[in-house]
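Below is one structure, written out as structure tokens; the observations come after it.
Protein chains: 2
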Amino acid sequence: MKSDLDKFMKQHDIDVLFITGAAQHNPAMIYFVGTAHVSDAFLIKKRGKAPVLFHYPMEREEAAKSGLPLTSLSKYPISELLKDAGGNYLDAMVLRLKRMLEDLDIRSGRVAIYGKDEIGPVYAMINGLEKLMPGIQMIGFVRDEILSNAMMTKEADEISHIREMGRITTAVVGKTADYITGHKTSRETVVHTDGSPVTIGEVKNLINLWLAEFGVENPEGTIFAIGRDAGIPHSVGTPSDPLKLGQTIVYDIYPCQAGGGYFYDFTRTWSLGYATDEVQALYDQVKQVYDTLVSELEVNAPFSRYQDRTCELFEAMGHPTIRTNQVTEVGYVHSVGHGIGLKVHEKPWSSTTNSSPTDILAPGAAFTLEPGLYYPDRGMGVRIEDSYVVTPDGRFEILADYPKDLILPLK
Amino acid sequence: MKSDLDKFMKQHDIDVLFITGAAQHNPAMIYFVGTAHVSDAFLIKKRGKAPVLFHYPMEREEAAKSGLPLTSLSKYPISELLKDAGGNYLDAMVLRLKRMLEDLDIRSGRVAIYGKDEIGPVYAMINGLEKLMPGIQMIGFVRDEILSNAMMTKEADEISHIREMGRITTAVVGKTADYITGHKTSRETVVHTDGSPVTIGEVKNLINLWLAEFGVENPEGTIFAIGRDAGIPHSVGTPSDPLKLGQTIVYDIYPCQAGGGYFYDFTRTWSLGYATDEVQALYDQVKQVYDTLVSELEVNAPFSRYQDRTCELFEAMGHPTIRTNQVTEVGYVHSVGHGIGLKVHEKPWSSTTNSSPTDILAPGAAFTLEPGLYYPDRGMGVRIEDSYVVTPDGRFEILADYPKDLILPLK
Numbered sequence: 050m051k052s053d054l055d056k057f058m059k060q061h062d063i064d065v066l067f068i069t070g071a072a073q074h075n076p077a078m079i080y081f082v083g084t085a086h087v088s089d090a091f092l093i094k095k096r097g098k099a100p101v102l103f104h105y106p107m108e109r110e111e112a113a114k115s116g117l118p119l120t121s122l123s124k125y126p127i128s129e130l131l132k133d134a135g136g137n138y139l140d141a142m143v144l145r146l147k148r149m150l151e152d153l154d155i156r157s158g159r160v161a162i163y164g165k166d167e168i169g170p171v172y173a174m175i176n177g178l179e180k181l182m183p184g185i186q187m188i189g190f191v192r193d194e195i196l197s198n199a200m201m202t203k204e205a206d207e208i209s210h211i212r213e214m215g216r217i218t219t220a221v222v223g224k225t226a227d228y229i230t231g232h233k234t235s236r237e238t239v240v241h242t243d244g245s246p247v248t249i250g251e252v253k254n255l256i257n258l259w260l261a262e263f264g265v266e267n268p269e270g271t272i273f274a275i276g277r278d279a280g281i282p283h284s285v286g287t288p289s290d291p292l293k294l295g296q297t298i299v300y301d302i303y304p305c306q307a308g309g310g311y312f313y314d315f316t317r318t319w320s321l322g323y324a325t326d327e328v329q330a331l332y333d334q335v336k337q338v339y340d341t342l343v344s345e346l347e348v349n350a351p352f353s354r355y356q357d358r359t360c361e362l363f364e365a366m367g368h369p370t371i372r373t374n375q376v377t378e379v380g381y382v383h384s385v386g387h388g389i390g391l392k393v394h395e396k397p398w399s400s401t402t403n404s405s406p407t408d409i410l411a412p413g414a415a416f417t418l419e420p421g422l423y424y425p426d427r428g429m430g431v432r433i434e435d436s437y438v439v440t441p442d443g444r445f446e447i448l449a450d451y452p453k454d455l456i457l458p459l460k
Numbered sequence: 050m051k052s053d054l055d056k057f058m059k060q061h062d063i064d065v066l067f068i069t070g071a072a073q074h075n076p077a078m079i080y081f082v083g084t085a086h087v088s089d090a091f092l093i094k095k096r097g098k099a100p101v102l103f104h105y106p107m108e109r110e111e112a113a114k115s116g117l118p119l120t121s122l123s124k125y126p127i128s129e130l131l132k133d134a135g136g137n138y139l140d141a142m143v144l145r146l147k148r149m150l151e152d153l154d155i156r157s158g159r160v161a162i163y164g165k166d167e168i169g170p171v172y173a174m175i176n177g178l179e180k181l182m183p184g185i186q187m188i189g190f191v192r193d194e195i196l197s198n199a200m201m202t203k204e205a206d207e208i209s210h211i212r213e214m215g216r217i218t219t220a221v222v223g224k225t226a227d228y229i230t231g232h233k234t235s236r237e238t239v240v241h242t243d244g245s246p247v248t249i250g251e252v253k254n255l256i257n258l259w260l261a262e263f264g265v266e267n268p269e270g271t272i273f274a275i276g277r278d279a280g281i282p283h284s285v286g287t288p289s290d291p292l293k294l295g296q297t298i299v300y301d302i303y304p305c306q307a308g309g310g311y312f313y314d315f316t317r318t319w320s321l322g323y324a325t326d327e328v329q330a331l332y333d334q335v336k337q338v339y340d341t342l343v344s345e346l347e348v349n350a351p352f353s354r355y356q357d358r359t360c361e362l363f364e365a366m367g368h369p370t371i372r373t374n375q376v377t378e379v380g381y382v383h384s385v386g387h388g389i390g391l392k393v394h395e396k397p398w399s400s401t402t403n404s405s406p407t408d409i410l411a412p413g414a415a416f417t418l419e420p421g422l423y424y425p426d427r428g429m430g431v432r433i434e435d436s437y438v439v440t441p442d443g444r445f446e447i448l449a450d451y452p453k454d455l456i457l458p459l460k
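Residue numbers (our numbering), protein chains in the order written: chain A, 50 to 460; chain B, 50 to 460.
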């Protein structure tokens, strides 16, 4: 939680957090500012102090909505900076950063950098700053344990945002099922009244429209993939593919609040009309693993325990897994879950190679559980994914329930 | 154009372009890859060679849609990297970058970095790489003149994408006008049949819905602001505000193709029912400046010439401008235009303080013209914005036409 930030900063010997970029699709900035029409801003938080938002003068009213202490960048006029920097634009930008820090009485220390922004200019500026202020050390983390750890355990209002996104997500999935099952079939294909096939692309357009009707976004797209595509976990589907009966459809949907707020993440696998024995058997195995995992969830357990457990269970069923072959593209090929919040993938991590001792199912954590099996050459893939939260008293609650039927019966 | 890249790399003594991040809302990556479900990828282009896309194995089919030479990151197994890096994850990631570069026969040189990505981890990795490969120098530009200059002059297919976005944008603006003018009024307010006021928020929700129906996105939102908000150029509007008659509405809409493709940028100012003399006079002045600018456009002219000209014209009318007062918040307070493309704001720049000799209206450039006047304390603001392209033979074409009526007559 935000209130843990100073503690985490101290643990990692960090004096200042420095966050760049717009308050749009930029989790670190949005965590403090909320989604607002604030672009190219800087947020600087000194340990033990409230964060200060440095914004462009034109965006002052939007910036004020954050409720944070503000400083307008008009305090540092470009013409003056350029004069003081001998006309060099980069040097002027670096000088501005220096003056911003000094205005917060920061003259030395370890500064952790965050934000989703254009790498080139930020890299040039922070390199320049280190040269101009030799007491300052700028630090980036490939595995952040400060901001990410604070963000990992959610406060009640954050969970209610995610739960609301779950309600919207499953409502859209329900509309999708209703739309498909409202059609006739012809020659093993879902068809319109004029006999033309219903395609993956049409369904995806409708999904986008329904999401927009709910006022939410899907900045990273939606997976709606049939047959061989369903067997490739990150294939998003081929727009021209017709909806054929008896083939697996993997429907993975991960929308967020407008402007890049909280995400949800949800997957169902469907087989239209009927399921072949082979598909049904694969589905039953994934469902069995899903149910086993849910029954074994324990508060404060390392998330990676469930990744190991998933590999163990699938291996016992005879499937290759990424534990037995790190680069396998058949069988169980990904990790069993991840945190969700302002990023669709965040801490806690379940990967056994990519997690730390802090990747635990702590109270406040919101995370996915998503076992799956993939056999692209057999034209099939199955994944079942729900999102859960650990309550303050250590119980596990599903954030949005939805039926897990494999077969969608058609007219 | 892309074909100029090697020339620009040579001019600036750059041996390699290094681009990080997803092919979603990341202009530098999308420029080469197109919008695709490719996350956390790396694109490396050696001068004189085709760019190579390094992608995660799960995303191989999406990556293949780029048509680029591919290398799967499964070529560099994490377990092996970790072993060779003594178990340190950051060092393992740095080692992977080193091996990727070496596989392209890059062992030294000046590497320019691009991409919209999480600053922290990228900063950590490129700093590490410089230490591991002392012959490599990583370089970020606050004013890039390589990739940005190539992107500035568009090829025919890029212009047709922008033109199509212009068609969609103006269609949505037309729907907005039709929706508003289809209502009754009561007590100087646009109302529903039940007498309740139509609000800014309702109209903005409909704009989002219409954009979604066209299959496009507005990742940076839409400005639909009335009265005092219209006088603050980057206020996006207050959702609860009712649509009052006789007040300026600034409607600035800048959507992009799904996933972060090409943008359009367009503004109209409306006054519902009637215009006060004061509003009409302000509007006429902006329109007169707009018309003057259009009549004076010259191929290969520095874009900043038109910023100076706009200031000159508005100053002659008695308005403060940012030329007379760099931090003014009334009068003419911004720059007169910018390039559009995979970014909503890109080269050429028109700012007199923030442009370079390459910011010219060259053939292939797509750009906005958007003079405006702002008086928040008088509850009004006016901006007129269209987007233009310079044709290969040096003519100026508007990319999407739309009426410039100030008054929207109501029932």
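Glycine residues also receive a C-beta, built at the ideal position from the N, C-alpha and C atoms.
Item: With 7 angstroms as the threshold, decide whether the Cβ of B:Asp166 is near any Cβ in chain A.; Value: yes
Item: Around the C-beta of B:Met50, are 16 or more other C-beta atoms found within 10 angstroms, so that it is buried, or is it exposed?; Value: exposed
Item: What runs of the alpha helix (DSSP H), each 4 residues or longer, lie entirely inside the segment 165 to 219 of chain A?; Value: 168 to 181 and 196 to 201
Item: In angstroms, rounded to a whole number, what distance separates the CA positions of B:Asn176 and B:Gly169?; Value: 11 angstroms
Item: Mind listing, in chain order, the continuous alpha helix (DSSP H) runs of no fewer than 4 residues lying wholly within the segment 63 to 117 of chain B?; Value: 76 to 82 and 109 to 113
Item: Take every Cβ of the segment 428 to 437 of chain B, pair it with every Cβ of the segment 191 to 205 of chain B, and state whether three or more of those distances are shorter than 8 angstroms.; Value: no
Item: Is the segment 383 to 398 of chain B close to the segment 232 to 247 of chain B, with three or more CB pairs under 8 angstroms?; Value: no
Item: Quickly, what does DSSP pair A:Ala274 with across the bridge? List them, please.; Value: A:Val299
Item: Taking a contact to mean a Cβ-Cβ separation below 7 angstroms, would you say B:Ala254 touches B:Leu260 in this structure?; Value: The amino acid at residue 254 of chain B is misidentified as Ala; the sequence shows Asn. The answer is no: Cβ separation not under 7 angstroms.
Item: Exposed or buried, what is A:Asp154 when buried is set at 16 or more other beta-carbons lying within 10 Å of its beta-carbon?; Value: exposed
Item: Residues in the segment 55 to 69 of chain A with C-beta within 7 angstroms of chain B's C-beta atoms, listed in sequence order?; Value: Thr69
Item: Residues in the same chain with beta-carbon distance under 6 angstroms from A:Leu122, minus the five sequence neighbours each way, listed in chain order, please.; Value: Phe103 and Tyr105
Item: Using 8 angstroms as the threshold, is the segment 123 to 140 of chain A in touch with the segment 304 to 324 of chain B, meaning 3 or more CB pairs across them?; Value: no
Item: Taking the alpha-carbon positions, what's the A:Glu437 to A:Ser197 distance?; Value: Inspection of the sequence shows that residue 437 of chain A is occupied by Tyr rather than by Glu. Computed Cα separation, rounded: 18 angstroms.
Item: So, at 8 angstroms on beta carbons, what are the nonlocal neighbours of A:Val265 in its own chain, with the 5 sequence-adjacent residues on each side left out?; Value: Met214, Ile217, Pro304, Cys305, Gln306 and Ala307
Item: In angstroms, rounded to a whole number, what distance separates the CA positions of B:Lys94 and A:Pro452?; Value: 48 angstroms
Item: Quick one: list the residues of chain B neighbouring A:Leu321, beta-carbon separation under 8 angstroms, in chain order.; Value: Neighbours of A:Leu321 on chain B: none; closest Cβ ~22 angstroms, over 8 angstroms.
Item: In the DSSP assignment, what residue or residues form a beta bridge with B:Gly380?; Value: B:Tyr423
Item: Quick check on A:Lys165: buried or exposed, where buried means 16 or more other Cβ atoms within 10 Å of its Cβ?; Value: buried
Item: Taking the CB atoms as reference points, tell me whether A:Val40 and A:Phe312 lie closer together than 7 angstroms.; Value: Given that chain A is displayed from residue 50 to residue 460, the structure contains no residue 40 of chain A and the question cannot be resolved.
Item: Start and end of the alpha helix (DSSP H) containing A:Phe416?; Value: It is not in any alpha helix (DSSP H) - A:Phe416 instead sits in the beta strand (DSSP E) that spans Ala415 to Leu418.
Item: So which residues on chain B does A:Pro537 lean against when the C-beta distance must stay under 8 angstroms?; Value: Because residue 537 of chain A is not part of the residues shown, which for chain A are 50 to 460, the question remains open.
Item: Give me the residue from A:Arg212, A:Gly135 and A:Val101 with the minimum Cα distance to A:Glu446.; Value: A:Arg212
Item: Show which residues of chain A have a CB atom less than 7 angstroms away from the CB atom of B:Asn254.; Value: Gly264
Item: Anyone know if the C-beta pair for B:Gly270 and B:Tyr424 falls short of 7 angstroms?; Value: no
Item: Check whether chain E comes within 7 angstroms of A:Leu130, counting only Cβ atoms and requiring the distance to be less than that.; Value: Looking at the structure shown, chain E is missing, and the protein chains on hand are A and B.
Item: Buried or exposed, going by whether 16 or more other CB atoms sit within 10 Å of the CB of B:Glu378?; Value: buried
Item: Rounding to the nearest angstrom, what Cα-Cα distance links A:Ile185 and A:Ser157 in this structure?; Value: 5 angstroms
Item: For the alpha helix (DSSP H) that contains B:Asp357, what are its first and last residues?; Value: Ser353 to Ala365
Item: Specify whether the segment 63 to 71 of chain B and the segment 83 to 97 of chain B touch according to this definition: at least 3 beta carbon pairs, one from each stretch, less than 8 angstroms apart.; Value: yes
Item: Along chain B, which residues have their Cβ under 7 angstroms away from the Cβ of A:Phe190?; Value: Gly169, Pro170 and Ala173
Item: Would you list, in chain order, the members of the segment 326 to 359 of chain A that have their beta-carbon closer than 9 angstroms to a beta-carbon of chain B?; Value: none
Item: Taking B:Pro126 as the query, report the chain A residues whose CB atoms sit under 9 angstroms from its CB, ordered along the chain.; Value: Gln375 and Val376
Item: Tell me the rounded alpha-carbon separation between A:Glu194 and B:Ala173.; Value: 14 angstroms
Item: What are the partner residues of A:Glu434, as DSSP defines its beta bridges?; Value: A:Thr316
Item: Taking C-beta to C-beta, are B:Leu391 and B:Tyr80 nearer than 7 angstroms?; Value: yes
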